[in-house]
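Visitor: Top line first, the protein sequences correspond to chains D and S.
In case it helps, numbering that gives the first Met the number 0 puts the first sequence at residues 0 to 498.
In case it helps, numbering that gives the first Met the number 0 puts the second sequence at residues 0 to 267.
For every residue, glycine included, the Cβ atom is placed at its ideal position computed from N, Cα and C.
Take a look at the following structure, please.
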Amino acid sequence: MTTYPTTYTTPVDRFSDEVASHVRSGARFAGLFASAEGADTRLTALLSHSGSLVIQETVVPVGAGEFPALSRQVPAAKWYEREIHDLFGLIPTGSDRVDPLVFPFVTPAIRPRFGSGAVVPEGQLDPTPLTAHVRGEGVFTISYGPVRSGVFESIEYLVETPGEDIPHLRTRVFYKHRGVESRFETLDVADGVLLAERCEGVASVAHAIAYCAALEEMAGVEVSLQAGLVRVLHAELERVANHLDSIVRHSEAAGQAVAYARFSLHKERVQRLRAQLCGSRFGRGVVVPGGVAGPPALSATEVFAAIGTLEKSIDADTRLLMSTPSFLDRLRGTGVLDEDVAHHFGALGPLARGSGFMDDVRVTRAYGAYLHLGQQLLEVRGDGDALARQRVRVQEITGAFALMREVIEELGSRGGPSSTEWRRPIENVSGRAVGWAEAPQGEVLYLVEAREGKLVRVKPRSASFHNMALFPIAFPKDILTDFAFIEASFGLSIAGVSS
Amino acid sequence: MPWIPRGLREGIVTSRYPWRPDDYGPNFRASVTIDNGTATDDELSVAVGACPTRAITVVDTDASLDRGACILCGRCVQMLPQLFQFSSVIETSSNLRARLVVPEPENDGSLAAVRGELANRVKVLRRSVHLRHVDAGSDGSDEWEIAALTNPVYDVQRLGIYFTASPRHADVLLVTGVGSAGMTEPLRRTLEAMPSPKVVIAVGVEAISGGLVGEGYASSGGVGSSIPIDVFIPGSPASPFSLLHGILLAINMLPTNSPRGAHMTDAS
């Protein structure tokens, strides 16, 4: 059974201690979010206990303008506090650093304060250059980005280096902030899913599932099993496409020209299969509140055959790649993230699993049709390096194909499309709820508040946002030429970091 | 060593587009077209209201659709299938923003003039064209489609088109994203660093009109407000074939037998 959140409310001065006590008792810190409630601001912390989610809330009254920093006790909260500071103007007292993160406004008076429904004037950015941290002979700073060498999303890395080692690295992620959360407030619940698909475009399906799960919880609607199975089919294809993308980028960085060509061909074929199933190469339009838009456009036999061919050719190339020494040498020992750091920080997705921290909400807080499909957490020996993360992805590709075969068998054995309820209506829904899904990058969370079918506040939290804070931590033992591998092995989407 | 036969295993997988039509998937939704079916005023006004990006306009009883805003969600196709249809025709890019509207507005000669000027500008590039991409607030999917151009299926290098790491070596700038406030200055500086002649392509509806994100405190609703655009490629995101068509249109390399280039087969 899916367990939906229990909510506790505390006064603001006790808030941080309460959240920290959950974390000390073994919960994974899953995020801290703000919403305008009239002139006050509500803070919501999400804590993932095994099998359930707990919500801890407080209200910061108007005029207070601050709250005791949670990051002093829970370091993973730091980026969330910085985000809240940027967008709501609240100061986490006692935090050593509230540098701008997602959007550095020049005018402090202007804050979007999501949930207030206010129209925010066009923001002026403060592009102050960062000052160097490391001192010493010959140490210089490389400002890499936001326009980078290749087809990448915009982000700026500040690499401080004496030439080869990277003693210090910082990231600036605000360049592509689009203000997606304020756009949500102008939409109704049916159109909201279209925007959810565009928060982090490479994980469209997972974002749509998490968004819709929140609405379905709010409306008390249970998605039919068939519709749930179709969601799994598309979500797993998305996972395969993303993991192949990561392998493509590793191959390119390692100069493996044939592997690059092979895996980019596989990825193209996955994208084409997705388009054949639903018309969109990114699975857009499939997941709708209450179910799915309809059955896959291909018959069970056709999907089965297509998946079989894909898996066979991907598997053959993966085996060869994972036994190519000149490839493995570049990944082994690169970008090490220690298990205790991953655990302490509540890292997500393949990044966490490569470091031996096992959490996959498809299993630990199973949702939708995953409840009916036999699956287990895939244990991978965690060296915490880029190679371990690569191994996790390779295993997850195999796991995804197994799940898809199971889905197709289930779908084929049940009644035809005419007897199926693909979509149950959700209209005029009101309330607040949380939805989640396991994207290829890790757990995606959606906090959704609606009133009579209109969205009041939507807060997406992608795994990319949570994991990005760990990126600089993976560098101290590595050199500049490892950069591309570490970045590819994290496999994050910047659109998800600052949307 | 074992990789060499692996690369040869499947023979040639590369498309011959634009020289030959490509028969890529009949179910792929590349664009929405308007058929000359009929709908009542009420039906039309419901469809107009249902479009999340307000891409549909109705003048008198004639509906038109702006592909520069259409995110291909299919609301209109579902409501009025006699009027709106998905199409797998990928040749949707144009030199003029106004020309992204279907049915196409009457030709007043402005397109020919713009095209002539661009053709003149790119003449010097000949058969070696270097592309530079800048993300100005995309959702991340556009980058996947642009990167796909280097996979063995599309393989832009066969057309003498290369990606370059530096703006200083670039002839063509591909811009994705809504035009985020943070990228306005870096985008302007990138364009400034490029040698003349330079060509700018807006990739995807977000770059053209802001798409579903639209305008806001951090988005200028498309990149056109900060830099001049030569070619618009619609799509959400624009597919690799649409990208190929748009790039070839920009550098005047489309086969000349048809004004929009060799059409892909609309396989049925």
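1. Kindly indicate which residue of D/452, D/444 and D/412 has the alpha-carbon position closest to the one of residue 429 of chain D.
2. Counting pairs of Cβ atoms below 8 angstroms between the stretch 2-14 of chain D and the stretch 65-72 of chain D, do you hit three or more?
3. Establish whether the CB of residue 13 of chain S and some CB of chain D are separated by less than 8 angstroms.
4. At a Cβ threshold of 8 angstroms, is residue 179 of chain S touching chain D?
5. Determine the DSSP secondary structure at residue 0 of chain D, reduced to helix, strand or coil.
6. Enumerate in chain order the residues of its own chain whose CB-to-CB distance from residue 480 of chain D is below 7 angstroms, with the five nearest sequence positions on each side excluded.
7. Say whether chain S places a C-beta atom closer than 8 angstroms to the C-beta of residue 87 of chain D.
8. Ends of the beta strand (DSSP E) at residue 453 of chain D?
9. Is residue 1 of chain D close to chain S? Criterion is C-beta to C-beta, closer than 8 angstroms.
10. Are the CB atoms of residue 222 of chain D and residue 372 of chain D nearer to each other than 8 angstroms?
11. Cutting at 7 angstroms between CB atoms, please list the residues of its own chain near residue 156 of chain D, excluding the five before and the five after it.
12. Here's a check: name, in chain order, each residue in its chain whose Cβ is nearer than 7 angstroms to the Cβ of residue 144 of chain S, leaving out the five neighbours to either side.
13. Between the stretch 201-210 of chain D and the stretch 430-442 of chain D, do at least 3 Cβ pairs fall closer than 8 angstroms?
14. Establish whether the CB of residue 37 of chain S and some CB of chain D are separated by less than 8 angstroms.
15. Within 10 angstroms of the Cβ of residue 18 of chain S, are there 16 or more other Cβ atoms? Answer buried if so, exposed if not.
16. Please check the pair residue 396 of chain D and residue 313 of chain D, which I expect to be a contact at CB under 8 angstroms, by giving their CB distance rounded to whole angstroms.
17. Can a CB atom of chain D be found closer than 8 angstroms to the CB of residue 18 of chain S?
18. Quick check on DSSP: helix, strand or coil for residue 148 of chain S?
19. Tell me the rounded alpha-carbon separation between residue 468 of chain D and residue 493 of chain D.
20. Hey, how far is the Cα of residue 259 of chain S from the Cα of residue 115 of chain S?
21. By the DSSP assignment, the alpha helix (DSSP H) with residue 477 of chain D in it spans what residues?
22. Which value, in whole angstroms, describes the spacing of the CA atoms of residue 30 of chain D and residue 482 of chain D?
23. Quick check: the stretch 273-291 of chain D against the stretch 324-337 of chain D, are there 3 or more CB pairs under 8 angstroms?
24. According to a CB-to-CB cut-off of less than 7 angstroms, which residues of the stretch 204-218 of chain S neighbour chain D?
25. Grab me the residues of residue 193 of chain S's own chain with a C-beta within less than 6 angstroms of its C-beta, minus the 5 sequence neighbours each way, in chain order.
26. Do you know offhand how far residue 209 of chain S's Cα is from residue 15 of chain S's?
27. Residue 496 of chain D and residue 463 of chain D - do their beta-carbons sit closer together than 8 angstroms?
28. If we require 3 or more residues per run, which beta strand (DSSP E) segments fall completely within the stretch 29-54 of chain D?
29. Let me check understanding here. Comparing Cα to Cα, which of S/111, S/118, S/54 and S/137 lies closest to residue 100 of chain S?
30. Which of the three DSSP states, helix, strand or coil, is assigned to residue 258 of chain S?
31. So for residue 81 of chain D, helix, strand or coil by DSSP?
32. How about residue 436 of chain D and residue 235 of chain D: do their beta carbons lie closer than 8 angstroms?
33. Listing by chain order, which chain S residues have their CB less than 9 angstroms from the CB of residue 143 of chain D?
34. Against chain S, does residue 211 of chain D count as a neighbour if the rule is that its beta carbon must be under 8 angstroms from one of theirs?
35. In the structure shown, what three-state DSSP assignment does residue 264 of chain S receive?
36. Using a Cβ-Cβ cut-off of less than 8 angstroms, give me the residues of the stretch 161-183 of chain D that come near chain S, in sequence order.
Guide: Judging by the given coordinates:
1. Taking the first residue of the first sequence as 1, we reach residue 429 of chain D at position 430. Out of D/452, D/444 and D/412, D/452 has the C-alpha closest to the C-alpha of residue 429 of chain D.
2. The stretch 2-14 of chain D is in contact with the stretch 65-72 of chain D.
3. Here residue 13 of chain S refers to the residue found at position 14 of the second sequence. Output row for residue 13 of chain S: interface = no.
4. Locating residue 179 of chain S in the second sequence gives position 180, where the first residue counts as 1. Interface residue, yes.
5. If you number the first sequence from 1, residue 0 of chain D lands on position 1. A caution first: residue 0 of chain D carries a pLDDT of 40, below 50, which makes its placement in the model unreliable, though a value can still be read off. Here residue 0 of chain D sits in coil by DSSP.
6. The residue you call residue 480 of chain D lines up with position 481 of the first sequence. Closer than 7 angstroms at Cβ, skipping near neighbours: no residue.
7. As a first step, residue 87 of chain D must be located in the first sequence, where it is residue number 88. It does not; no Cβ of chain S falls within 8 angstroms.
8. As a position in the first sequence, residue 453 of chain D is number 454, starting the count at 1. First-last of the beta strand (DSSP E) with residue 453 of chain D: 453-460.
9. The count along the first sequence starts at 1 and reaches residue 1 of chain D at position 2. Residue confidence for residue 1 of chain D is low, a pLDDT of 49 falling below 50, so the modelled location carries little weight; the figure read from the coordinates is stated next. Answer no: the Cβ-Cβ gap between residue 1 of chain D and chain S never drops below 8 angstroms.
10. Numbered from its first residue, the first sequence carries residue 222 of chain D at position 223. Numbered from its first residue, the first sequence carries residue 372 of chain D at position 373. Result no, Cβ atoms of residue 222 of chain D and residue 372 of chain D do not sit closer than 8 angstroms.
11. The count along the first sequence starts at 1 and reaches residue 156 of chain D at position 157. Only 143, 144, 168 and 170 meet the Cβ criterion.
12. Numbered from its first residue, the second sequence carries residue 144 of chain S at position 145. Closer than 7 angstroms at Cβ, skipping near neighbours: 236, 237, 238, 239 and 242.
13. yes
14. Mapped onto the second sequence, residue 37 of chain S falls at position 38. No, residue 37 of chain S does not count as interfacial toward chain D.
15. As a working mapping, residue 18 of chain S is identified with position 19 in the second sequence. Looking at its Cβ environment, which holds fewer than 16 other Cβ atoms inside 10 Å, residue 18 of chain S is exposed.
16. Along the first sequence, read from residue 1 onward, the residue named residue 396 of chain D stands at position 397. Along the first sequence, read from residue 1 onward, the residue named residue 313 of chain D stands at position 314. Contact flag correct, Cβ pair sits at about 7 angstroms.
17. Translated into the one-based positions of the second sequence, residue 18 of chain S becomes position 19. No, residue 18 of chain S lies away from the interface with chain D (no Cβ there is under 8 angstroms from its Cβ).
18. Taking the first residue of the second sequence as 1, we reach residue 148 of chain S at position 149. Reduced to three states, the DSSP call for residue 148 of chain S is helix.
19. Working through the first sequence from its first residue, we reach residue 468 of chain D at position 469. Working through the first sequence from its first residue, we reach residue 493 of chain D at position 494. Straight-line Cα distance between these residues: approximately 12 angstroms.
20. Locating residue 259 of chain S in the second sequence gives position 260, counting from the first residue. Locating residue 115 of chain S in the second sequence gives position 116, counting from the first residue. For residue 259 of chain S, the predicted structure reports a pLDDT of 47, less than 50, and the residue's modelled location is therefore unreliable. A value from the coordinates is still provided. One C-alpha to the other measures close to 14 angstroms.
21. Reading the first sequence from its first residue, position 478 is the one you call residue 477 of chain D. Note, residue 477 of chain D: premise wrong, no alpha helix (DSSP H); not H, not E.
22. On the first sequence, position 31 is the one that residue 30 of chain D refers to. On the first sequence, position 483 is the one that residue 482 of chain D refers to. Between residue 30 of chain D and residue 482 of chain D, the C-alpha separation is close to 28 angstroms.
23. no
24. 211, 212, 213, 215, 216, 217 and 218
25. Position 194 of the second sequence, counted from the start, is the residue given in the question as residue 193 of chain S. Contacts found: 166 and 169.
26. Position 210 of the second sequence, counted from the first residue, corresponds to residue 209 of chain S. Position 16 of the second sequence, counted from the first residue, corresponds to residue 15 of chain S. Taking the straight line from one Cα to the other gives about 33 angstroms.
27. In the first sequence, residue 463 of chain D corresponds to position 464, counting from 1. In the first sequence, residue 496 of chain D corresponds to position 497, counting from 1. Cβ distance < 8 angstroms, so residue 463 of chain D and residue 496 of chain D count as in contact.
28. Unbroken beta strand (DSSP E) runs of no fewer than 3 residues, entirely contained in the stretch 29-54 of chain D, are found at 39-48, following chain order.
29. For the purposes of this step, residue 100 of chain S is taken as the residue at position 101 of the second sequence. Minimum Cα distance to residue 100 of chain S is reached at S/54.
30. Numbered from its first residue, the second sequence carries residue 258 of chain S at position 259. Since pLDDT at residue 258 of chain S reaches only 43, below the 50 mark, its modelled position is unreliable, and no value is offered.
31. Locating residue 81 of chain D in the first sequence gives position 82, where the first residue counts as 1. Of the three classes helix, strand and coil, the one that applies to residue 81 of chain D here is helix, per DSSP.
32. Along the first sequence, read from residue 1 onward, the residue named residue 436 of chain D stands at position 437. Along the first sequence, read from residue 1 onward, the residue named residue 235 of chain D stands at position 236. No, the Cβ-Cβ distance between residue 436 of chain D and residue 235 of chain D is not below 8 angstroms.
33. As a first step, residue 143 of chain D is located in the first sequence; it is residue number 144 there, counting from the start. Under the 9 angstroms cutoff, chain S gives no residues; its nearest Cβ is about 12 angstroms from residue 143 of chain D.
34. As a working mapping, residue 211 of chain D is identified with position 212 in the first sequence. No, residue 211 of chain D lies away from the interface with chain S (no Cβ there is under 8 angstroms from its Cβ).
35. Counting from one through the second sequence, the residue named residue 264 of chain S turns up at place 265. The predicted model places residue 264 of chain S with a pLDDT of 40, which falls under 50 and marks its position as unreliable, so this point remains unresolved.
36. 173, 174, 175, 176, 177, 178, 179, 181 and 182
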